[in-house]
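Note sheet for the following structure.
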Amino acid sequence: APLVIALGPGFTAGKDCHVVIETKRGHSLGRVIREGEAIANTGIPGIIAGIGRERVIHSPASGIFSSDHKIGDLVTKGEVIAHVGETEVHASLDGMIRGLLNSGLSVPTGFKIADIDPRGLEADFTTVSDKAKAIGGSVLEVLDSFLAKR
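Mapping of the sequence shown onto the numbering used here: residues -14 to 135, in sequence order.
Written out as structure tokens, the structure reads:
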């Protein structure tokens, strides 16, 4: 391909792709990397309203994931938001569901299955996030530069 753009860690610009876009929140978010790699994945989610790890929910067991909830639902800490097989999955905090697997998927223990935004209604899941805008803007910048040289 004449131009390959990779997002986040796991890719090396100049080897796996032409350009890597940094996806880690912070001062480097959206940085265009033309040589080298993005910051390694720490496994620690970005802090939102002072909360990091607690907002990401991982499967407590292996099995088939199911949930009657949907993205945008408000939940309270301790509420059952899903099941993996017969095992209940509880909300880790009060907030809005921002990420949720589709029911029917088979998941292993420890797999990321949900994300709760502690900002609640303020989260506004119907709009593009600041992170997505930064990454998308960088991709557009790379494409614009590439097309201008053709």
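The C-beta atom is built at its ideal place from N, Cα and C for all residues, glycine as well. The structure displayed is predicted, hence computed values, not measured ones.
From the listed residues F96, S88, L90 and S44, the smallest Cα separation to H75 is found for S44.
Runs of the alpha helix (DSSP H) spanning 4 or more residues and lying entirely within the region 5 to 80 do not occur at all.
Residue L(-8) holds the alpha-carbon nearest to the alpha-carbon of K9 among H54, L(-8) and A133. Annotation: D115 to G121 spans about 10 Å, alpha carbon to alpha carbon. The beta carbons of H12 and L(-12) sit about 26 Å from each other, so the pair does not count as a contact at 8 Å. Looking at L106, T72 and H68, the one whose alpha-carbon comes closest to that of R83 is L106. For the options G63, I29 and I33, the alpha carbon positioned closest to that of K97 is the one of I29.
Note on I32: under 16 other CB atoms within 10 angstroms of its CB, so exposed under the neighbour-count rule.
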